[in-house]
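*Asks:* From first to last, the protein sequence lines are chains A and B.
The first sequence begins at 1 in this note's numbering and counts up one residue at a time.
The second sequence begins at 1001 in this note's numbering and counts up one residue at a time.
Have a look at this one.
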Amino acid sequence: GPKVLQIPSHQIIDMGQMVTLNCDPVSNHLYFYWYKQILGQQMEFLVNFYNGKVMEKSKLFKDQFSVERPDGSYFTLKIQPTALEDSAVYFCASSDWVLYAEQFFGPGTRLTVL
Amino acid sequence: GDSVTQTEGPVTVSESESLIINCTYSATSIAYPNLFWYVRYPGEGLQLLLKVITAGQKGSSRGFEATYNKETTSFHLQKASVQESDSAVYYCALANYGNEKITFGAGTKLTIKP
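In structure tokens form, the structure reads like this:
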């Protein structure tokens, strides 16, 4: 089936530094999402993105977070600066249209902030 | 906010036995959310197992079934006879009408004994 890729699979970074997580969504998909899963906890919605804009974000999507997809390339999640509580697995997803559309998920990027 | 509660894992079942993983939900943002079961097989990304968008309906896939019960706000996952290949983590989830944001349960790790 359609695949979403995420790069890198693991990232270790010092607190206060910037990190960019990359997502290669399914070709021709229009809606993009990020979810966060802290170890031992539930996967939680962060943000969705359509037509170059954030459509909805949760309270977990702090001011230090930003998303973009310049020129149809990777859909990225940037955290600047990082904090210890940002350590988690981040999952990207994409869907081809909104109503009842299935979200296809990537394998996740494990981010460790030291 | 919306929430999903499911059987705490890990769950171990012998091959060819029956399985039920309980799921109940609370949806405050929408009266009748869309309901899903997702599965993550070892080493793979999250994938949709089945979905039901109409209360009272049953969804099925790969021998698994779940019925959308709006009276008990439940969406239990059942299988009559499990196989070793069913070993995975199963997530119950709900989404609003447009599927723009998914709320996940904590996941249930299922191990099938040969």
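Positions of the beta carbon are idealized from the N, C-alpha and C atoms, including for glycine.
These numbers were taken from a predicted model, which means no experiment stands behind them.
Out of curiosity, what's the CA-to-CA distance linking S27/A and C92/A?
*Replies:* Answer to the nearest angstrom: the Cα atoms are 14 Å apart.
*Asks:* Assign D1086/B to one of three DSSP states: helix, strand, or coil.
*Replies:* Reduced to three states, the DSSP call for D1086/B is helix.
*Asks:* Would you tell me roughly how many angstroms separate the C-alpha atoms of P1114/B and V1082/B, rounded to the nearest one?
*Replies:* Going from the Cα of P1114/B to the Cα of V1082/B covers about 10 Å.
*Asks:* Return the CA-CA distance between W97/A and L30/A, expressed in angstroms with no decimal places.
*Replies:* Roughly 6 Å between the two C-alpha positions.
*Asks:* Note the first and the last residue of the continuous beta strand (DSSP E) segment covering V1013/B.
*Replies:* It spans 1011–1014 - the beta strand (DSSP E) in which V1013/B sits, taken as one unbroken run.
*Asks:* Within 10 Å of its beta-carbon, does D71/A have 16 or more other beta-carbons around it, so buried, or fewer, so exposed?
*Replies:* D71/A should be labelled exposed.
*Asks:* Just to confirm the assignment, what range does the beta strand (DSSP E) spanning Q103/A have?
*Replies:* Unbroken run through Q103/A: none, as it is neither H nor E.
*Asks:* Which residues in chain A have a C-beta closer than 8 Å to the C-beta of G1059/B? List them in chain order.
*Replies:* What G1059/B touches in chain A: nothing, since even the nearest Cβ is about 13 Å away.
*Asks:* Taking C-beta pairs closer than 7 Å, name the residues in chain B that G52/A reaches, listed in chain order.
*Replies:* Ordered by position in chain B, no residue passes the 7 Å Cβ test against G52/A, which lies about 16 Å from the chain.
*Asks:* If I measure Cβ to Cβ from V1004/B and keep anything under 7 Å in the same chain, skipping five residues before and after, which residues do I get?
*Replies:* Taken in chain order, the residues that qualify are C1023, Y1025, C1092, A1093, L1094, T1103, F1104, G1105.
*Asks:* Taking the alpha carbon of N1096/B as the reference point, which residue from D1086/B, S1029/B, K1058/B has its own alpha carbon closest?
*Replies:* Nearest of D1086/B, S1029/B, K1058/B to N1096/B, Cα basis: S1029/B.
*Asks:* What distance in whole Å lies between the Cβ atoms of T112/A and V19/A, which are believed to be in contact at a cut-off of 8 Å?
*Replies:* With a Cβ gap of about 10 Å, V19/A and T112/A do not count as contacting.
*Asks:* Distance check for Q42/A and I88/A, CA to CA, integer angstroms please.
*Replies:* Position check: residue 88/A holds Ala in this sequence, whereas Ile was assumed. Roughly 11 Å between the two C-alpha positions.
*Asks:* Would you say V1004/B lies against chain A (beta-carbon separation less than 9 Å)?
*Replies:* Chain A contact via Cβ: present.
*Asks:* Which residue wins for smallest C-alpha separation from D24/A, given the options E56/A, L77/A, D86/A, F45/A?
*Replies:* Here the closest residue by C-alpha is L77/A.
*Asks:* Measuring CB atoms only, is the stretch 1029–1043 of chain B touching the stretch 1060–1071 of chain B, in the sense that at least three cross pairs come out at less than 8 Å?
*Replies:* At 8 Å Cβ cutoff, the stretches touch.
*Asks:* Straight-line CA distance for D1002/B to S1087/B?
*Replies:* Cα to Cα, D1002/B sits roughly 28 Å from S1087/B.
*Asks:* Could you round the C-beta distance between L39/A and T109/A to whole angstroms and report it? I think they count as a contact, below 8 Å.
*Replies:* Not quite, the Cβ-Cβ distance comes to about 14 Å (not below 8 Å), so this is no contact.
*Asks:* Mapping DSSP to helix, strand and coil, what is L1077/B?
*Replies:* It is a strand residue.
*Asks:* Going along the stretch 60–91 of chain A in order, which residues come within less than 9 Å of chain B, judged by CB to CB distance?
*Replies:* So the list reads F91, given in the order they occur along the chain.
*Asks:* Report the residue from V47/A, N51/A, E102/A, K3/A whose alpha carbon sits nearest the alpha carbon of K59/A.
*Replies:* Among V47/A, N51/A, E102/A, K3/A, the Cα nearest to that of K59/A is on V47/A.
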